[in-house]
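For reference, the structure is listed below as structure tokens.
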Amino acid sequence: MKLTGQDIINELQDRREQARLGGGAARIDRQHAAGKLTARERIDVLLDPGSFEETDMFVVHRTRDFGMDGNTIAGDGVVTGSGLIHGQLIYIFSQDFTVFGGSLSAAHASKIVKILKLAIQNGAPVIGLNDSGGARIQEGVDSLGGYADVFLQNVLASGVVPQISVIMGPCAGGAVYSPAMTDFTFMVRGSSYMFVTGPDVVKTVTSEEVTAEELGGADTHTQISSVADGAFDNDLVALAEIRRLIRFLPAHNAAPLPKLPADDDLARTIPALDSLVPEDANSPYDMKELIINVADHSDFFELQADFAKNILTGFIRLNGSPVGVVANQPMVLAGCLDIDSSRKAARFVRFCDAFNIPILTLVDVPGFMPGTAQEYGGIIKHGAKLLFAYAEATVPKVTLITRKAYGGAYDVMSSKHLRGDANYAWPTAEIAVMGAKGAVEILYRSELNDADKIKKRTADYENRFANPFIAAERGFIDDVIIPHNSRFRLIQAFSKLRGKRQQNPPKKFGNIPL
Ligand code: HXC
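Dropping the structure here:
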């Protein structure tokens, strides 16, 4: 009998209710018992209240093998759609572990592909919440094809719209390559892991005994592999932090930057900065102090905080506008550039450049890290990544040298020579080929056994080069500024660069040393 009127609406409501239940109450309980929210709860927490519009709620798989005939659940293990974060349109997919373990079928993949295509077409960030047992085992190659379809869209979306992945459960096998190609990957401590091959296969192939957590947990990927940009204690914190991150990002590569009210005094002087750099040139200080002091409301969204700590990367706002910060950290390895820090910063610089986010570079770098580990590991190629990234970047680039800017690292760190737009130094800056001690040991090798002579030579070298004025005389430094005025000067510099237009020669793309 054909349904009419209210019955039709009731039927629709029933179908929706059924779909919203996913894999059913028992599996939802299991998800909660594991300390995890469900796919739908996560969307509710992430998006502005009432803003979620679901697509493809009734999609089911088309598998007939291995008992799957008739075994369908509406939505097929992924909840997809669009909504708002702080009023900004967002596309989202959230894998539902309660439905076939969130595993990816061809139908499940086609839902994600649809979302990615809409995000590209309509110019909005896309967020993927990953919680999946991987390829739908009953589907075989259909599932693998589905993954490849997703990968392709991730690549096409790269540089067009920001892509964010949050790993909130298993993410194993080839499935890891979708998050790996997005701009930012975050994990939840204790409940998420990522690996290409799991502990069992590792044991069979290499005889190593390792737990899933050790192999691919949040600590591993934030501290050792750098696969993840950050980790959070639970789902709620992770989702709140993604809401915070979105506020720093434009909707797409031609969109204006999101502005917040400029309600932190732009001319705020910061007396503490006048004594930030210690008198002893070899004593460390915390560069984060500078970042937090100049940023609007001290708000710094740090990325890769637990990896390559000798360089800091993240977003701040200056007078309401987002700025990407790259800063040497003298507290760790004296702020040297090495393989890991070069890679970390290069990727960040390229993200900022792709999305027109101005870059602030804070410099205190004694040079590149020496040693066989670095040379054998390819510091030449990895250091070149950062050099390349800065040189090709056409966004506004403002640089402030606080202390050391030695050797090749001086060139690399957004120097004037790489098209730095405004290059400032504090009076404590030392811009030279190397430190005075090293320089004297090379220039006056024959006098090394005469301590007095060497002391004088060192003092001469320091007097000549341990300051910003030689560079300023040549115009490599635009101005030597008083530390307590730094916030005002940086804001001024960026505001004058708002209309910057710069293009690289026409090309398909540059060949960054990967
Ligand atoms: C189909 C799956 C599944 C999968 C889990 N399930 N993984 N169904 N395909 N890949 C189902 C289970 O049958 C179960 O169904 C439910 O999801 C929950 O799984 P459990 O095992 O009960 O959960 P848990 O103990 O938490 O273990 C989670 C898990 C485990 C670690 C993810 O399920 C697991 O190892 N799954 C297989 C992982 C895997 O090998 N995937 C293929 C990787 S290769 P019921 O009905 O009982 O609730 C790959 C290639 C991609 O992904 C290549 C791309 C290029």
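According to the working numbering, the sequence shown holds residues 941 to 1454 in order. C-beta atoms are modelled at their ideal positions from N, C-alpha and C, and glycine is treated no differently.
Whole-angstrom distance between residue j and residue i, CA atom to CA atom
i: residue 1178; j: residue 994; result: 22 Å
i: residue 957; j: residue 1137; result: 37 Å
i: residue 1284; j: residue 1328; result: 13 Å
i: residue 943; j: residue 1129; result: 49 Å
i: residue 1066; j: residue 1429; result: 35 Å
i: residue 1266; j: residue 1028; result: 26 Å
i: residue 1174; j: residue 1227; result: 29 Å
i: residue 1419; j: residue 1247; result: 33 Å
i: residue 1069; j: residue 1261; result: 28 Å
i: residue 1147; j: residue 1140; result: 9 Å
i: residue 1396; j: residue 1253; result: 39 Å
i: residue 907; j: residue 1286; result: What is shown of the chain runs 941 to 1454, which leaves residue 907 out entirely.
i: residue 1291; j: residue 1121; result: 12 Å
i: residue 1189; j: residue 1346; result: 33 Å
i: residue 1427; j: residue 1216; result: 14 Å
i: residue 967; j: residue 1133; result: 20 Å
i: residue 986; j: residue 1436; result: 36 Å
i: residue 1453; j: residue 1289; result: 15 Å
Beta-carbon contacts of residue i that lie in its chain and below 7 Å, excluding the five residues immediately before and after
i: residue 1275; result: 1250, 1268, 1269, 1304, 1305 and 1306
i: residue 1073; result: 1041, 1042, 1043 and 1110
i: residue 1233; result: 1210, 1212 and 1213
i: residue 1282; result: 1322, 1323, 1325 and 1326
Cβ-based neighbour list, residue i, same chain, cut-off 8 Å, excluding 5 preceding and 5 following
i: residue 1393; result: 1384 and 1387
i: residue 1016; result: 999, 1000, 1001, 1039, 1040, 1045, 1047, 1048 and 1051
i: residue 1060; result: 1093, 1096, 1097, 1100 and 1101
Residue i versus the options, residue with shortest Cα-Cα distance
i: residue 1197; options: 1153, 1121 and 1293; result: 1293
i: residue 1350; options: 1333, 1375 and 1184; result: 1375
i: residue 1313; options: 965, 1280 and 1081; result: 1280
i: residue 1078; options: 1372, 1224, 1308 and 1006; result: 1006
i: residue 1352; options: 1296, 1316 and 1277; result: 1277
i: residue 1055; options: 1260, 1076 and 1033; result: 1033
i: residue 1238; options: 1134, 1181 and 1258; result: 1258
i: residue 1333; options: 1084, 1343, 1295 and 1020; result: 1295
i: residue 1008; options: 1080, 1127 and 975; result: 1080
i: residue 1125; options: 1398, 1217, 1106 and 1222; result: 1106
i: residue 1187; options: 1144, 1104 and 1167; result: 1104
i: residue 1413; options: 1363, 1454, 1035 and 981; result: 1363
i: residue 1131; options: 975, 1389 and 1399; result: 975
i: residue 1432; options: 947, 1026, 961 and 1300; result: 1300
i: residue 1256; options: 1026, 1391, 1229 and 1400; result: 1229
i: residue 1168; options: 1191, 1114, 947 and 1135; result: 1135
i: residue 1373; options: 1185, 948 and 1410; result: 1410
Identified DSSP bridge partners for residue i
i: residue 1029; result: 1024
i: residue 1309; result: For residue 1309, which the question treats as bridged, DSSP gives no partner whatsoever.
i: residue 1235; result: DSSP output for residue 1235 lists no bridge partner at all.
i: residue 1262; result: 1257
i: residue 1111; result: 1134
i: residue 957; result: None; residue 957 has no bridge partner.
i: residue 1044; result: 1075
i: residue 1301; result: 1266 and 1339
Residue i Cβ short of 7 Å to the ligand MN heavy atom set
i: residue 1308; result: Of the ligands one can find in the structure shown, namely the ligand HXC, none is the ligand MN.
Contacting residues, own chain, Cβ-Cβ under 6 Å from residue i (five flanking each side not counted)
i: residue 1341; result: 1303, 1365 and 1369
i: residue 1440; result: 1336
i: residue 1298; result: 1263, 1335, 1336 and 1434
i: residue 1416; result: 1356
i: residue 1358; result: 1330 and 1331
i: residue 1309; result: 1276 and 1278
Any C-beta of chain C under 8 Å from that of residue i
i: residue 1122; result: As a matter of chain content, chain C is missing from the structure shown, which is built from one protein chain.
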